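Taking it in order: structure first as structure tokens, then the write-up.
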Amino acid sequence: MTTTTPGPPALRTAVGTARTRVEGREKVTGTARYAGEIPFADLAHGWLVLSPITRGRIRDIDTAPVLAMPGVLTVLHHGNAPRLYTDYVGMLGTPPDPAAVVFQHDKVPFAGWPVALVVAETPEEAREAAETLAVTYDREPHSTVLTADDPDAYPAAGFMPAATEKGDLQGRLASSAVVLDEEYTTPEEQHSMMEPHAATARWEGGRLEVVDSNQGAGWVQSELATLFSLDASSVRVRSEHIGGGFGSKGLRAHQVSAVMAATALRRPVRVVLTRRQTFSLAGYRSPTTQRVRLGADADGRLRALDHRSLNQTSTVYEFVEPSAGVARVLYDADAHRTANHVVRLDVPSPTWMRAPGEAPGSFAIESALDELAERAGIDPVELRLRNEPETGPVSGLPFSSNNLAACLREGARRFGWANRDPRPGIRYDGHWLLGTGMAAASFGAGAMPSTALVTAEASGSYTVRIAAADIGTGARTALTLIAADALETTPERVHVRIGDSDFGPAMIAGGSMGTRSWAWAVTAAATELRERLAVTQDIPPEGITVRSDTTEALGALAQKERHSFGAQFAEVAVDTSSGEIRVRRMLGIFAAGRIVNPLTARNQLVGGMTWGISMALHEEAVRDRNTGRHYSPDLAGYHVATHADVPDIEADWVDDHDPDDPIGIKGVGEIGIVGAAAAVANAVWHATGVRHRNLPIRPDRVLAAAALPPSDSGAADA
Numbered sequence: 001m002t003t004t005t006p007g008p009p010a011l012r013t014a015v016g017t018a019r020t021r022v023e024g025r026e027k028v029t030g031t032a033r034y035a036g037e038i039p040f041a042d043l044a045h046g047w048l049v050l051s052p053i054t055r056g057r058i059r060d061i062d063t064a065p066v067l068a069m070p071g072v073l074t075v076l077h078h079g080n081a082p083r084l085y086t087d088y089v090g091m092l093g094t095p096p097d098p099a100a101v102v103f104q105h106d107k108v109p110f111a112g113w114p115v116a117l118v119v120a121e122t123p124e125e126a127r128e129a130a131e132t133l134a135v136t137y138d139r140e141p142h143s144t145v146l147t148a149d150d151p152d153a154y155p156a157a158g159f160m161p162a163a164t165e166k167g168d169l170q171g172r173l174a175s176s177a178v179v180l181d182e183e184y185t186t187p188e189e190q191h192s193m194m195e196p197h198a199a200t201a202r203w204e205g206g207r208l209e210v211v212d213s214n215q216g217a218g219w220v221q222s223e224l225a226t227l228f229s230l231d232a233s234s235v236r237v238r239s240e241h242i243g244g245g246f247g248s249k250g251l252r253a254h255q256v257s258a259v260m261a262a263t264a265l266r267r268p269v270r271v272v273l274t275r276r277q278t279f280s281l282a283g284y285r286s287p288t289t290q291r292v293r294l295g296a297d298a299d300g301r302l303r304a305l306d307h308r309s310l311n312q313t314s315t316v317y318e319f320v321e322p323s324a325g326v327a328r329v330l331y332d333a334d335a336h337r338t339a340n341h342v343v344r345l346d347v348p349s350p351t352w353m354r355a356p357g358e359a360p361g362s363f364a365i366e367s368a369l370d371e372l373a374e375r376a377g378i379d380p381v382e383l384r385l386r387n388e389p390e391t392g393p394v395s396g397l398p399f400s401s402n403n404l405a406a407c408l409r410e411g412a413r414r415f416g417w418a419n420r421d422p423r424p425g426i427r428y429d430g431h432w433l434l435g436t437g438m439a440a441a442s443f444g445a446g447a448m449p450s451t452a453l454v455t456a457e458a459s460g461s462y463t464v465r466i467a468a469a470d471i472g473t474g475a476r477t478a479l480t481l482i483a484a485d486a487l488e489t490t491p492e493r494v495h496v497r498i499g500d501s502d503f504g505p506a507m508i509a510g511g512s513m514g515t516r517s518w519a520w521a522v523t524a525a526a527t528e529l530r531e532r533l534a535v536t537q538d539i540p541p542e543g544i545t546v547r548s549d550t551t552e553a554l555g556a557l558a559q560k561e562r563h564s565f566g567a568q569f570a571e572v573a574v575d576t577s578s579g580e581i582r583v584r585r586m587l588g589i590f591a592a593g594r595i596v597n598p599l600t601a602r603n604q605l606v607g608g609m610t611w612g613i614s615m616a617l618h619e620e621a622v623r624d625r626n627t628g629r630h631y632s633p634d635l636a637g638y639h640v641a642t643h644a645d646v647p648d649i650e651a652d653w654v655d656d657h658d659p660d661d662p663i664g665i666k667g668v669g670e671i672g673i674v675g676a677a678a679a680v681a682n683a684v685w686h687a688t689g690v691r692h693r694n695l696p697i698r699p700d701r702v703l704a705a706a707a708l709p710p711s712d713s714g715a716a717d718a
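For the sequence shown, position 142 matches number 142 in the UniProt record's numbering, and the numbering has no gaps at all.
In structure tokens form, the structure reads like this:
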């Protein structure tokens with residue numbers, strides 16, 4: 001394999017050109033089939049039975065009446081399910097979540113725990129039988145409420161160090177001219193993607209095949225092969241079209257139970273999670289409680305920064321929402337301390353969700369920076385510019401590129417920030433109070449080893465095969481453009497096939513690392529193929545194929561801080577008589593490396609910003625404090641932004657380039673949401689003079705703050 005870089009820039013014409021999705025016609029005409037609608041002969045259907053109790057043990061499962069119901073084929077549970085191998089570390093460096101490794105014991109660690117799978121000839125028969133199944137439980141005491149002072153909280157690392165510290169924090173705080181010490185909270189949030197989780201498993205020719213909706217076919221293949229003690233080559237996972245994932249579509253209970261049932265019945269079995277079931281089985285963003293302490297001199301330069309975050313996790317699986325991590329990149333101080341803590345509760349396991357850590361963490365740190373700017377009498381944009389670090393604040397490593405300052409300046413110029421009156425609560429449009437706010441953003445720009453296959457066909461076209469996943473981001477189209485440039489041909493002659501574990505190992509769609517990782521592998525294979533074709537023009541009927549593997553190239557990279565950056569600006573209108581908040585306009589300027597496809601990149605950024613509005617004003621999954629079960633676990637009770645909530649949103653970018661990447665790209669999937677909620681919250685403060693430190697900023701909280709005496713309202717923690 002060669003790691004030769006692509007051809008000269010003059011030949012690279014596809015990347016950077018706005019292109020509609022290559023699969024767009026299939027999607028708008030309905031011919032693109034998703035995991036839950038692909039037909040199989042002799043297909044059976046499974047329906048999961050979930051525990052209604054919060055904690056305890058299963059005393060008895062009475063299967064006889066259910067097995068006698070029409071169409072019912074089997075009932076799997078802890079008494080008859082196969083034993084799985086779970087003592088391993090998976091692709092993401094963690095053991096499997098026990099909630100996915102179903103029916104291995106009689107314990108119930110949270111409400112919504114899977115206790116059985118009913119399999120029948122039709123989904124209707126399976127559901128009726130599942131709702132009839134009688135399960136008897138022994139209940140045990142439980143704890144489901146996250147509190148900031150929980151004595152059982154402990155520091156946890158996750159995928160970054162649990163804590164970092166340098167300098168004399170107390171001394172620097174004591175000597176600072178301006179000091180801030182506040183607590184910020186974010187609620188539980190749900191992924192709520194359009195396409196539900198669905199998987200069909202079957203045995204074909206002695207090989208297990210799973211058709212699934214996931215964020216990495218190779219990821220799920222590896223996990224299933226290990227769990228069921230199978231050779232990896234005997235498991236194939238396909239996932240061609242995915243209707244959203246946002247971090248939740250990894251290994252879940254539906255895939256494992258489908259494989260169990262298909263193995264028991266020796267016929268295809270499909271398991272689809274209902275919307276309500278996803279609230280307990282598909283993960284979520286944990287609520288957080290974050291304390292931020294800042295100390296600055298009279299010029300606004302930070303002398304002390306302390307950011308501590310606490311999130312909940314289940315009693316059976318540790319997941320860290322690393323909200324303090326964003327402060328390790330954006331701002332430096334003489335004394336700098338960050339820490340992520342978790343507390344184990346009798347609740348389902350949280351998981352990755354768009355911009356894990358950075359989304360809730362940026363709300364806290366960027367709100368705190370806004371408060372510090374107010375107290376110091378310094379413009380919020382200027383305050384951030386004065387505190388831009390030259391190297392990684394914690395790591396000390398150089399940045400591959402850091403164009404945050406360019407984002408701040410360009411965003412301020414285009415938003416008209418210079419005309420802003422900093423005084424809060426004085427601008428009106430009729431009965432609406434108007435305000436503007438801003439926030440900075442960053443998200444990591446990493447890459448993971450991947451393989452790709454590129455074939456020169458006898459017809460003169462090219463076929464790219466890579467186990468990538470397009471979860472709605474336009475990755476399939478981006479890879480088409482990247483391959484076309486590397487092959488020095490047109491996109492029309494390139495056919496990209498994805499979502500099949502048989503294509504070899506590849507990075508998952510997550511962490512804004514998918515397209516960057518896959519592009520590296522595709523570029524390497526395409527470049528080597530082009531060089532081989534330059535030597536010989538003879539292409540046999542079966543074509544010429546080159547396989548790449550980027551493991552060595554990525555391992556040789558120098559250590560640097562690699563991130564996308566951004567600046568978010570928002571204008572809001574607040575009606576203090578009704579509590580209604582309307583975001584009137586929003587602007588995001590980003591430095592996210594070279595933009596492969598401006599059309600889909602802008603779509604991703606605007607989507608993230610819209611989610612930020614939703615995070616600021618609407619999203620809140622509420623649990624019963626006594627049982628840990630959700631109130632209204634559906635899209636009727638879980639509110640998200642709708643068309644009426646989405647204003648004039650504009651996303652754009654500044655020139656940015658990662659010199660260590662073959663194409664210069666970074667990633668746009670996550671950065672759009674980072675800082676967005678803080679920008680909206682800061683604008684609400686500017687409109688009303690009331691600081692909201694707890695998300696979402698609901699109408700009742702606006703009304704409660706408006707009822708405060710004038711002397712208290714400016715400092716209210718609504």
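We treat Cβ as the ideally placed atom computed from N, Cα and C, and that holds for glycine.
A quick note: this is a predicted structure, and the numbers were derived from the prediction, not measured.
- Per the DSSP secondary-structure output, Ile595 pairs with nothing in a beta bridge.
- Relative to the Cα of His686, the nearest Cα in the group Gly607, Val596, Met438 and Lys666 belongs to Met438.
- Arg57 has Lys107 and Asp138 as its beta-bridge partners, per DSSP.
- If you draw a straight line from the Cα of Ala134 to the Cα of Ser51, it comes to about 11 Å.
- At a Cβ-Cβ threshold of 8 Å, Thr451 and Arg328 do not count as neighbours.
- Under the three-state reduction of DSSP, Ala324 is assigned to helix.
- Note on the stretch 437-461: whole beta strand (DSSP E) runs with a minimum of 3 residues are 451-456, in chain order.
- Looking at the DSSP output, Met586 shares a beta bridge with Ala570 and Ile649.
- The Cβ neighbour count for Tyr631, taken over all protein chains shown within 10 Å, is under 16; the residue is labelled exposed.
- In this structure Gln170 is exposed. Its beta-carbon is surrounded by fewer than 16 other beta-carbon atoms within 10 angstroms.
- Annotation: Phe503 to Val210 spans about 15 Å, alpha carbon to alpha carbon.
- Rounded to whole angstroms, the Cβ separation of Ala440 and Leu330 is 6 Å, and the two are in contact under 8 Å.
- For the pair Ala447 and Leu67, the Cα-to-Cα distance works out to about 50 Å.
- Going by DSSP, Ala199 is part of the beta strand (DSSP E) stretching over Ala198 to Glu204.
- Residue burial annotation: Gln104 is exposed, with fewer than 16 other C-beta atoms found within 10 angstroms of its C-beta.
- Around the beta-carbon of Thr338, 16 or more other beta-carbon atoms lie within 10 Å, marking it buried.
- Residue nearest to Gly510 within the set Asp421, Val668, Asp485 and Ala116 is Val668 (criterion: CA-CA distance).
- For Gly295, the enclosing beta strand (DSSP E) starts and ends at Thr288 to Ala296.
- Per DSSP, reduced to three states, the secondary structure at Lys166 is strand.
- Residue ranges of uninterrupted beta strand (DSSP E) with 3 or more members, entirely inside the stretch 172-226 and ordered along the chain, are 178-186, 198-204 and 207-212.
- A direct Cα-to-Cα measurement between Gly206 and Thr29 gives close to 36 Å.
- Remark: C-beta atoms of Ile61 and His77 approach each other more closely than 8 Å.
- With respect to Glu124, Arg55 sits apart: the two C-beta atoms are not nearer than 8 Å.
- If you draw a straight line from the Cα of Pro541 to the Cα of Arg530, it comes to about 17 Å.
- DSSP, read as helix, strand or coil, puts His77 in strand.
- Contact check between the stretch 544-563 and the stretch 680-699: fewer than three CB pairs, one atom from each, fall below 8 Å, which does not count as touching.
- Closest option to Thr313, judged by alpha-carbon separation, among Ala573, Gly283 and Ala64: Gly283.
- Look at Val494 here: in three-state DSSP terms it is strand.
- Within the same chain, Pro155, Ala156, Ala339 and Asn340 come within 7 Å of Ala162 by CB-CB distance, once the 5 residues on both sides are set aside.
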